[in-house]
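Heads up: the structure comes next, in C-alpha cells.
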Amino acid sequence: MTRLTIRQSFTAARAAGIVAFAAAASGCGSPAPGLARGEMLFDTCSPCHGADGAGDEVLAAPAIAGSSDWYLTSQLTKFQDRVRGYHYTDAEGLRMGPMSRALWSDLGDIESVVEYVVSLPIPDPPATMEADAAAGEAEYEALCVNCHGVDGRGVDQPLPELNAPSLLHLNDWYIASSLRKYRDGVRGAAPGDAAGATMRAPVSGMSDERIDNVTTYIMTMQRLPRRIPGPPPEPLPALIVDAAILPEGVTVEMAQEGQDLFHGAGVCVTCHLRGGGGGPLAPDLTDDVWLNIDGEYESIVNLVMTGVPLPQEHPGPMLPRAGTSITDDQVRAVAAYVFTLSR
Ligand code: HEC
Ligand code: HEC
Ligand code: HEC
C-alpha cells in the first residue's frame with residue numbers, strides 16, 4: 007500500500023511537470039503538425055510509456071509503439087472525452103486522461119504524436135504470466151478470433167471505431183488488466199462507446215482464471231510484423247434468391263447488398279460468423295429457431311434497429327444497428343439477407 011502511494015505521488019509530480027511542458031510546447035514557434043511536432047510531443051509521453059514507447063510496468067503504462075494509427079487516435083480521443091478513464095477505480099485510466107487533454111486538437115497534436123508513435127519499432131514484450139495456455143487457446147478460438155484474427159493482429163479496415171486492434175505488441179499484465187476492466191464495466195461501458203461495448207460482450211462473466219489463460223495464450227502468438235497484409239478473404243458465393251419467397255417491398259438486389267454488408271468489417275460477421283452460421287457470441291441465423299423474434303421480415307428489421315440488450319443464450323448484448331452507423335436502407339438490406347438465410 008505504501009509503495010503504491012509513493013508511486014502514485016511520484017507519477018503525479020512527473021505528470022504535473024509534463025502538463026506544464028505540453029502547454030509550453032503548444033505555444034507559438036513550435037513545429038507545424040507532422041512528425042517533428044509528434045517527436046516533440048512524445049517527450050511528454052516517454053516518462054510513462056518509455057522512450058521507445060514499449061511501456062512501463064511499474065507505472066502500468068502499456069506499450070503504444072506497435073499499435074496502429076486508427077486505434078491510437080480512437081483511444082486518445084476517448085481519453086479526451088472521458089469515454090475511457092471515467093471510472094473512479096480506474097487508476098491507470100485516470101492517470102492517462104489528463105495527458106490526453108494536454109494535446110491540442112486545433113494544433114493537430116493527436117495526428118502528430120500518432121504519426122511519431124507508429125514510426126517507432128514494434129516492441130516484443132516478454133511473457134511474465136504462467137497460466138494454462140492450452141485452455142487459453144480454446145478460449146481465444148471460441149471468443150476472440152473473429153475480431154482479433156487467428157494471429158492476434160486485429161484488423162486494419164474502415165469503420166475504425168468498431169474494429170479490433172492488434173494485441174501483438176501488448177504486455178501480458180496490461181492485456182489481463184484491460185480484460186478485467188472491460189468485464190467489470192471500468193472500461194468500455196461509457197455511453198456511446200460502441201467499440202468498448204463490442205469488446206465487453208466476449209469477456210462478460212469471465213473468471214480471472216480464464217482471463218489469465220487467454221492472456222497467457224496471446225503471448226505465445228508469433229509476433230508478426232504489423233501491417234503485412236494477411237491472405238485476402240475468400241470471395242462470398244453469389245447469393246441466389248427465389249424472388250417469390252421475398253415479402254413485399256423486398257428485392258433480390260437488397261438481399262445481395264445485404265450479404266455484402268453482413269460480411270463487412272465489424273458489422274455482423276464478427277459475431278454471427280460467415281454465412282450467419284452462428285457461434286459463441288451470437289445465434290445461428292440459418293436455422294428456423296428464433297430466440298427473440300418470429301423471424302418475419304419486419305421483426306428482423308426491428309431487431310437490427312434496436313439490438314438485443316439482454317440476450318437469451320449469449321454472453322453479451324447486440325447493440326442497435328450492431329453499433330455501426332448503417333442507414334435505415336442498409337438495415338432493410340441486411341435484414342433481407344438474413345430473411346433469406348433460413349428459407
Ligand atoms: C503519467 C503517465 C502517462 C503519461 C505521461 C502518458 N500516458 Fe498514456 N497511458 C498511461 C497509462 C497508465 C495507461 C493505461 C490506461 C489503462 O490501463 O487503461 C495509458 C494508456 C495510453 C493509451 C492506450 C493504449 C492502448 O493500447 O489502449 C494510449 C494510446 C496512450 N496512453 C498514449 C499516450 C500518449 C500519446 C502520451 C503523450 C501525449 C501519453 N500516453 C502519456 C500513462 C501515461
Ligand atoms: C466482436 C469483436 C471482438 C471480440 C469477439 C473480441 N474483441 Fe477485443 N476488442 C474489440 C474492439 C472493437 C476493441 C477496442 C475497444 C475499445 O476501443 O475500447 C477491443 C479491444 C481489446 C483489447 C484492448 C487492447 C488495448 O490495446 O487496450 C484487448 C486486450 C482485447 N480486445 C482482447 C480480446 C480478447 C482476449 C478477446 C477474447 C476473449 C477479445 N478481445 C474478443 C473487439 C473484439
Ligand atoms: C456483438 C455481437 C453481435 C453482432 C456484431 C451482431 N449481433 Fe445479432 N445477435 C447477437 C446476440 C447476442 C443476439 C441475441 C442472442 C440471444 O438472445 O441469445 C443476436 C440476435 C440477432 C438476431 C435475432 C436472432 C434470434 O434468434 O432471435 C438477428 C436477426 C440478428 N442478431 C441479426 C444481426 C445482424 C443483421 C447484424 C449486423 C447488422 C448483427 N446481428 C450483429 C450478437 C451480435
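Counting the sequence shown from 1 gives a position; the numbering used here is that position plus 6. Idealized CB from N, CA, C, for every residue including glycine.
Pair within 9 Å by beta-carbon distance, residue i and residue j
i: S73; j: V124; result: yes
i: S106; j: Q86; result: yes
i: G301; j: T221; result: no
i: A207; j: P37; result: no
i: V151; j: F268; result: no
i: Q228; j: L245; result: no
i: P286; j: A148; result: yes
i: Y77; j: G155; result: no
i: L325; j: A203; result: yes
i: V247; j: Y303; result: no
i: N219; j: A108; result: no
Which listed residue (the options) has its alpha carbon closest to that of residue i
i: A139; options: L126, E215, K84 and R186; result: E215
i: Y180; options: P131, R159, G155 and T204; result: P131
i: G313; options: C274, V256 and G44; result: C274
i: V2; options: C54, A148, D335 and A195; result: Any question about residue 2 goes unanswered here, given that the chain covers just 7 to 349.
i: V64; options: A137, N177 and T346; result: N177
i: R4; options: I251, G329, D334 and H278; result: Here the chain comprises residues numbered 7 to 349, so residue 4 is not present and cannot be evaluated.
i: L100; options: S52, A42 and K84; result: K84
i: T292; options: L347, A97 and H175; result: L347
i: G114; options: T95, A200, G40 and P253; result: G40
i: A133; options: D199, H175 and L47; result: H175
i: M135; options: T226, G264 and D248; result: T226
i: D335; options: M205, G264, D49 and A60; result: G264
i: S4; options: P253, G281, T50 and G270; result: Any question about residue 4 goes unanswered here, given that the chain covers just 7 to 349.
i: S305; options: T333, G281 and P253; result: P253
i: S111; options: S52, T333, M212 and L47; result: L47
i: M205; options: T50, W296 and G329; result: G329
i: W350; options: F345, A60 and A42; result: As shown, the chain starts at 7 and ends at 349. That puts residue 350 outside it, with no answer to give.
Neighbourhood of residue i by C-beta distance below 8 Å, restricted to the same chain and skipping five residues each side
i: V337; result: V307, V310, M311 and R327
i: I217; result: A182, L185, R186, R189 and V209
i: D58; result: A71, L126, P127 and P129
i: D62; result: C54, H55 and G56
i: D266; result: L242
i: A249; result: T257 and V258
i: G211; result: R189 and P321
Distance between beta carbons of residue j and residue i, contact taken as under 8 Å
i: D294; j: G283; result: D294 to G283, Cβ: 14 Å. No contact.
i: Y223; j: Y343; result: With 8 Å as the limit, Y223 and Y343 do not qualify as a contact, their Cβ atoms being about 34 Å apart.
Closer than 8 Å: residue i CB and nearest ligand 3 heavy atom
i: Q318; result: yes
i: L149; result: no
i: A288; result: yes
i: G329; result: yes
6 Å Cβ shell around residue i - same chain, five flanking residues per side excluded
i: C153; result: A170 and T276
i: P315; result: P323
i: H93; result: V192
i: G44; result: S118, V119, E121 and Y122
i: D96; result: V192
i: A66; result: E98
Chain-order list of residues whose beta-carbon lies under 7 Å from that of residue i (same chain, five-residue window excluded)
i: T79; result: I116 and V120
i: N298; result: L309, V314 and Q318
i: G103; result: F85, R88 and G91
i: L279; result: N152 and G285
Near ligand 1: residue i beta-carbon under 8 Å from a heavy atom
i: A108; result: yes
i: T204; result: no
i: Q336; result: no
i: H154; result: no
i: C274; result: no
Check: residue i C-beta below 8 Å from any heavy atom of ligand 2
i: I306; result: no
i: V314; result: no
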